[in-house]
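Visitor:
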Amino acid sequence: MGGFHGVLQAGSGVDSAATYLPAEPAALSWGRLPARGSSPVLTVDPGEAVVIDTVSHEGILEDQGRDPVAYFGGHRVEREHVLDEAVALAASAHPRDPAKDGPHVVTGPIRVRGAEPGDLLKLIVVDVTPRVPYGVISNRHGRGALAGEYPLQAGNVSVFTPIEQDEHGDWFGALPVVEGGERSIRFPLAPFLGIMGIAVDADERPHSVPPGAHGGNIDINLLTEGASLYLPVQVPGALAYVGDPHFAQGGGEVALTALEASLRATIRFEVVPAETAVRDFGELAGPLAETSEYLVPTGLDADLDLAMQNCVRQAIGLLGARYGMDPHLAYAYLSAATDFDISQVVDLVKGVHARIRTSDFRAVRGG
Numbered sequence: 011m012g013g014f015h016g017v018l019q020a021g022s023g024v025d026s027a028a029t030y031l032p033a034e035p036a037a038l039s040w041g042r043l044p045a046r047g048s049s050p051v052l053t054v055d056p057g058e059a060v061v062i063d064t065v066s067h068e069g070i071l072e073d074q075g076r077d078p079v080a081y082f083g084g085h086r087v088e089r090e091h092v093l094d095e096a097v098a099l100a101a102s103a104h105p106r107d108p109a110k111d112g113p114h115v116v117t118g119p120i121r122v123r124g125a126e127p128g129d130l131l132k133l134i135v136v137d138v139t140p141r142v143p144y145g146v147i148s149n150r151h152g153r154g155a156l157a158g159e160y161p162l163q164a165g166n167v168s169v170f171t172p173i174e175q176d177e178h179g180d181w182f183g184a185l186p187v188v189e190g191g192e193r194s195i196r197f198p199l200a201p202f203l204g205i206m207g208i209a210v211d212a213d214e215r216p217h218s219v220p221p222g223a224h225g226g227n228i229d230i231n232l233l234t235e236g237a238s239l240y241l242p243v244q245v246p247g248a249l250a251y252v253g254d255p256h257f258a259q260g261g262g263e264v265a266l267t268a269l270e271a272s273l274r275a276t277i278r279f280e281v282v283p284a285e286t287a288v289r290d291f292g293e294l295a296g297p298l299a300e301t302s303e304y305l306v307p308t309g310l311d312a313d314l315d316l317a318m319q320n321c322v323r324q325a326i327g328l329l330g331a332r333y334g335m336d337p338h339l340a341y342a343y344l345s346a347a348t349d350f351d352i353s354q355v356v357d358l359v360k361g362v363h364a365r366i367r368t369s370d371f372r373a374v375r376g377g
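Numbering (my numbering), first residue to last: 11 to 377.
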């Protein structure tokens with residue numbers, strides 16, 4: 011991330027030569043994700059990059075007044091620093107049902123020519139840039155790692171969080187130590203998209219909260235600039251989408267949300283043919299991430315123990331497919347040398363991801 015460079019309203023600062031998908035009403039879904047019958051809002055060729063605007067749900071939800079101008083204005087944010095798309099969506103007659111649908115706003119879907127079931131769609135995060143200089147961290151009753159203990163009072167707790175620049179030019183989130191106090195802590199930003207996914211092969215559009223084989227709300231904080239996500243294609247064209255933008259998130263995302271805030275992301279879409287996918291990664295049952303340092307298999311389940319087991323199985327299978335490693339030796343290696351992190355515990359379906367160092371396999375074919 012190069013830092014915050016001013017409020018990015020729709021179209022502002024976009025290169026005229028770029029393929030651009032603004033967060034206009036026709037390109038947004040709120041609370042539900044695409045399925046096989048969804049119509050693409052954009053079609054691209056494999057290898058093409060798209061500049062995509064995303065909108066955070068924080069500040070537009072019903073328990074925040076569904077009026078982002080008033081909500082953020084209460085935190086001294088001027089109207090011109092509130093995204094027009096957020097204002098338009100909150101004021102619209104969008105059919106989202108808060109009792110049945112999720113909170114997330116997603117942009118898409120994007121059809122990728124040539125992507126077919128059996129292939130993998132590779133989403134490469136080329137760039138992520140903050141659109142506003144603030145975000146929100148929320149805790150709601152019945153949600154979070156300590157549901158029943160927090161919030162401590164009635165109603166949701168949404169903590170407005172500005173971002174600030176230090177003397178070296180680096181950007182940080184800032185939180186007071188005591189409500190209303192002058193002393194504050196700073197924590198580094200690492201922007202990423204919590205939702206990166208493809209359409210499911212089903213008639214019903216999935217709820218936006220639980221992640222799955224389609225990706226969706228996976229909340230893996232390693233998916234920052236330069237990282238990639240591989241997803242097993244379920245429908246022709248894949249029908250990809252992104253959303254749930256974050257400025258920062260700790261592993262676990264324990265309060266319910268992390269630092270949620272709107273981003274502009276540049277994503278490159280590539281198709282990995284089925285035969286290549288099986289050779290390089292084995293039979294993937296769900297999302298696989300990759301960074302410059304790590305292969306990142308995942309495990310998902312409503313039970314955190316089972317999510318962990320699923321992640322270990324995926325990791326063993328990945329090491330076998332990519333490096334020809336015997337299962338018992340892969341199991342031993344993972345125990346000795348690989349960190350298994352909790353992606354999140356707050357999205358109904360919990361997530362675990364492993365960080366397998368590719369440098370450990372330099373002497374092995376494919377390393």
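Don't be surprised by glycine CBs; every beta carbon is placed ideally from N, CA and C.
None of the values given here were measured: they were computed from a predicted structure.
1. Can you tell me whether residue 342 is helix, strand or coil according to DSSP?
2. With burial defined as no fewer than 16 other Cβ atoms inside 10 Å of the residue's Cβ, what is the status of residue 175: buried or exposed?
3. Measuring CA to CA, which of 179, 194, 180 is closest to residue 186?
4. Have a look at 360, 98, 259 and flag the residue whose alpha-carbon is nearest the alpha-carbon of residue 182.
5. I believe residue 368 touches residue 304 by the beta-carbon criterion, under 8 Å. Please report the beta-carbon distance rounded to the nearest angstrom.
6. Can you find the residues in the same chain that come closer than 6 Å, C-beta to C-beta, to residue 9, ignoring five residues on each side of it along the sequence?
7. Can you look up residue 337 in the DSSP assignment and give me helix, strand or coil?
8. Which word fits residue 377, buried or exposed, when buried means at least 16 other C-beta atoms lie within 10 angstroms of its C-beta?
9. Going by the CB atoms, is the gap between residue 166 and residue 73 shorter than 7 Å?
10. Could you check whether the stretch 38-50 touches the stretch 111-119, counting it as contact only if at least three pairs of C-beta atoms, one from each stretch, sit closer than 8 Å?
11. Please report the distance separating the alpha-carbon of residue 309 from that of residue 352.
12. Out of curiosity, what's the CA-to-CA distance linking residue 159 and residue 80?
13. At a cut of 8 Å, does the stretch 350-365 reach the stretch 219-236 through at least three beta carbon pairs?
14. For a quick check, are the C-beta atoms of residue 69 and residue 56 less than 7 Å apart?
15. Counting along the chain, where does the beta strand (DSSP E) carrying residue 203 start and finish?
Guide: The relevant details are as follows:
1. helix
2. exposed
3. 194
4. 259
5. 7 Å
6. The chain is shown from 11 up to 377; residue 9 falls before or after that span and cannot be answered.
7. helix
8. In this prediction, residue 377 scores a pLDDT of 48, lower than 50, which makes its location untrustworthy; the coordinate-derived value is nonetheless stated afterwards. Result: exposed.
9. yes
10. yes
11. 10 Å
12. 29 Å
13. yes
14. no
15. 202-208
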